[in-house]
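Report on one structure; see the data block that follows.
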Amino acid sequence: MSGGGVRLAFVPASPARAARAPRPVASATDLATGSPQDVLAAGVVVFRPGRRVLLVHRPKYDDWSFPKGKLDRGEHHTVAAVREVAEETGLHVRLGPALAAQRYSLGGHPERAGAPRDPGAQRSKTVFYWTGRAVGDDDVSDYRPNAEVDAVEWVDAEEAAERLTYPHDRTTLTEALKRRRKTRAVILLRHAKARSRRAWRQDDRERPLLKPGQLQAERLVPLLAAYGVTRVISSSSTRCVQTVEPFSATTGWELEQRRRLSEEDVSSKGLARVVDEVLGDTRSTVVCTHRPVLPALCDALGLEHPGLELGEMLVVHLRKNKVAGIERHLPR
Numbered sequence: 026m027s028g029g030g031v032r033l034a035f036v037p038a039s040p041a042r043a044a045r046a047p048r049p050v051a052s053a054t055d056l057a058t059g060s061p062q063d064v065l066a067a068g069v070v071v072f073r074p075g076r077r078v079l080l081v082h083r084p085k086y087d088d089w090s091f092p093k094g095k096l097d098r099g100e101h102h103t104v105a106a107v108r109e110v111a112e113e114t115g116l117h118v119r120l121g122p123a124l125a126a127q128r129y130s131l132g133g134h135p136e137r138a139g140a141p142r143d144p145g146a147q148r149s150k151t152v153f154y155w156t157g158r159a160v161g162d163d164d165v166s167d168y169r170p171n172a173e174v175d176a177v178e179w180v181d182a183e184e185a186a187e188r189l190t191y192p193h194d195r196t197t198l199t200e201a202l203k204r205r206r207k208t209r210a211v212i213l214l215r216h217a218k219a220r221s222r223r224a225w226r227q228d229d230r231e232r233p234l235l236k237p238g239q240l241q242a243e244r245l246v247p248l249l250a251a252y253g254v255t256r257v258i259s260s261s262s263t264r265c266v267q268t269v270e271p272f273s274a275t276t277g278w279e280l281e282q283r284r285r286l287s288e289e290d291v292s293s294k295g296l297a298r299v300v301d302e303v304l305g306d307t308r309s310t311v312v313c314t315h316r317p318v319l320p321a322l323c324d325a326l327g328l329e330h331p332g333l334e335l336g337e338m339l340v341v342h343l344r345k346n347k348v349a350g351i352e353r354h355l356p357r
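Using the numbering used here, you'd call the opening residue of the sequence shown number 26 and step up by one each time.
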């Protein structure tokens, strides 16, 4: 199936892994508006070479934990995870494979005795977690303590297991250590909401996004940035180009257009060339295309097609061109 350049070595851990890749536990409504029944938060288990883990100390609770925090209203949980790490530690990170979410009752959260109780103590809390790595400098020696976080330290994994205050954090650490190896992301993205074919009288390749689709495209910018995307490949059709243009314009990464990813020009040979091109690279890459093209593209990558919605993306984490994790996310 290879187009001749790079030998395909993209082997999923399970043949149906992509098709069964779960959406986030919280509903889209919760993520967009917040739920009175559930507090949503996100965090990252950040690694550096040598099995060292980033921990933070909160003076309010006198506890050691991973950098994390509550979602802002309307904020996507991937974006919140990256933002919270930056706010609590000063480091910019990119996300690796997702970890199991933590869920617990706030009333039963093992905060230290005598610590102030959360006013929503009867509600439950869901914390979404990822592994992650710092982008650029990861030195925290000049961190300035504040009322929320008064210490940030890189510690050995074994020491981290002893220092972490809560059992559920130690469970998360155990899982994260199995997924700590450096990966890159290949993101398959279905274009955002466009004008209908019926209403468009011109060349279908020039059919543009509607205003809701333009908003989706804007909201994709921080999602793609969260995974450290530095290469942008798109079908040459207008609706696909417009879906990734805001990200390209914001980050400065070149937008590479490929006719072979369009509905009109797609072919098995052309898709194989795209796959070879992506797998032969080391950069985290987004590939934006159309619903009819995605099944063949997934097949060329050894994945089952999960049926993406407009503007939805499938995040495939690769290590040595083998699948290390799969997620799917939809901007709201």
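Cβ atoms here follow ideal geometry from the backbone N, Cα and C, with glycine treated the same way.
In whole angstroms, what separates the C-alpha of residue i from that of residue j?
{"i": "S292", "j": "R119", "result": "33 Å"}
{"i": "R205", "j": "F72", "result": "7 Å"}
{"i": "R76", "j": "A182", "result": "6 Å"}
{"i": "N346", "j": "D306", "result": "10 Å"}
{"i": "E243", "j": "K236", "result": "11 Å"}
{"i": "R232", "j": "T275", "result": "23 Å"}
{"i": "R42", "j": "V180", "result": "Residue confidence for R42 is low, a pLDDT of 35 falling below 50, so the modelled location carries little weight and cannot support an answer."}
{"i": "H82", "j": "I212", "result": "34 Å"}
{"i": "L198", "j": "G121", "result": "14 Å"}
{"i": "G30", "j": "A224", "result": "For G30, the pLDDT reaches just 32, beneath the cut-off of 50, and the residue's location in the model is therefore unreliable, leaving the point undetermined."}
{"i": "R222", "j": "S262", "result": "13 Å"}
{"i": "D301", "j": "A159", "result": "28 Å"}
{"i": "P135", "j": "R308", "result": "With a pLDDT of 44 at P135, under the threshold of 50, the predicted position of this residue should be treated as unreliable, and no value is reported."}
{"i": "K203", "j": "E270", "result": "36 Å"}
{"i": "G350", "j": "A201", "result": "12 Å"}
{"i": "D1", "j": "P170", "result": "For residue 1 there is no data in the structure shown, the boundaries of the chain being 26 and 357."}
{"i": "G277", "j": "P74", "result": "29 Å"}
{"i": "P320", "j": "V266", "result": "20 Å"}
{"i": "Y191", "j": "C323", "result": "40 Å"}
{"i": "L245", "j": "E279", "result": "16 Å"}
For a test of the three-state rule: what should DSSP assign to residue i, helix, strand or coil?
{"i": "V311", "result": "strand"}
{"i": "K347", "result": "strand"}
{"i": "G28", "result": "Interpretation of G28 is limited by its pLDDT of 39, a score under 50 that renders its predicted location unreliable; the figure taken from the coordinates is listed afterwards. Reduced to three states, the DSSP call for G28 is coil."}
{"i": "A51", "result": "At A51, the pLDDT of 33 sits below 50, so the modelled position is not reliable; the number obtained from the coordinates is stated separately. A51: coil per DSSP, three-state reduction."}
{"i": "S293", "result": "helix"}
{"i": "Q241", "result": "helix"}
{"i": "S130", "result": "strand"}
{"i": "R222", "result": "coil"}
{"i": "L56", "result": "Here L56 scores only 39 on pLDDT, less than 50, and its place in the model should not be relied on; the value that follows carries that caveat. Here L56 sits in helix by DSSP."}
{"i": "L335", "result": "coil"}
{"i": "R215", "result": "strand"}
{"i": "L355", "result": "coil"}
{"i": "H288", "result": "Looking at the sequence provided, one finds Glu at residue 288 rather than His. Of the three classes helix, strand and coil, the one that applies to E288 here is coil, per DSSP."}
{"i": "V340", "result": "strand"}
{"i": "A46", "result": "Note on A46: pLDDT 40, under 50, position unreliable in the model; no value is reported."}
{"i": "L202", "result": "helix"}
{"i": "K236", "result": "helix"}
{"i": "A172", "result": "coil"}
{"i": "R209", "result": "strand"}
{"i": "F35", "result": "Low confidence applies here, because F35 scores a pLDDT of 32, under 50, leaving its location unreliable and the question unanswered by this model."}
Of all the options the options, which has the alpha carbon lying nearest to the alpha carbon of residue i?
{"i": "G332", "options": "N346, R344, H342 and P317", "result": "P317"}
{"i": "E334", "options": "A210, V69 and H216", "result": "H216"}
{"i": "D194", "options": "L214, Y129, V64 and H101", "result": "Y129"}
{"i": "H101", "options": "P247, T190, A186 and R230", "result": "P247"}
{"i": "A219", "options": "L202, A274 and G238", "result": "G238"}
{"i": "V348", "options": "T208, H82 and G94", "result": "T208"}
{"i": "R357", "options": "Y86, L116, V104 and P170", "result": "V104"}
{"i": "D281", "options": "D301, K294, P271 and V312", "result": "It should be pointed out that residue 281 corresponds to Glu in this sequence rather than to Asp. It is V312 whose Cα lies nearest to the Cα of E281."}
{"i": "A67", "options": "L234, L296, R226 and E112", "result": "E112"}
{"i": "A106", "options": "R283, I258 and A251", "result": "A251"}
{"i": "L131", "options": "A123, V177, R230 and S149", "result": "S149"}
{"i": "H342", "options": "Y86, A123 and L96", "result": "A123"}
Taking 8 Å as the threshold (C-beta atoms), are residue j and residue i in contact?
{"i": "H315", "j": "E288", "result": "yes"}
{"i": "A210", "j": "G157", "result": "no"}
{"i": "E352", "j": "V340", "result": "yes"}
{"i": "W89", "j": "L80", "result": "yes"}
{"i": "R264", "j": "R285", "result": "no"}
{"i": "T268", "j": "L304", "result": "no"}
{"i": "Y154", "j": "T114", "result": "no"}
{"i": "P84", "j": "A172", "result": "yes"}
{"i": "P92", "j": "V69", "result": "yes"}
{"i": "T310", "j": "R344", "result": "no"}
{"i": "A325", "j": "L296", "result": "yes"}
{"i": "T151", "j": "A126", "result": "yes"}
{"i": "G99", "j": "E109", "result": "no"}
{"i": "S260", "j": "R226", "result": "no"}
{"i": "V165", "j": "L96", "result": "no"}
{"i": "L249", "j": "F272", "result": "yes"}
Who pairs with residue i in a beta bridge, going by DSSP?
{"i": "G327", "result": "G327 pairs with nothing; no bridge assigned."}
{"i": "V71", "result": "G157"}
{"i": "L79", "result": "W179"}
{"i": "S90", "result": "V81"}
{"i": "T151", "result": "L65 and R128"}
{"i": "Q282", "result": "S259"}
{"i": "L120", "result": "G157"}
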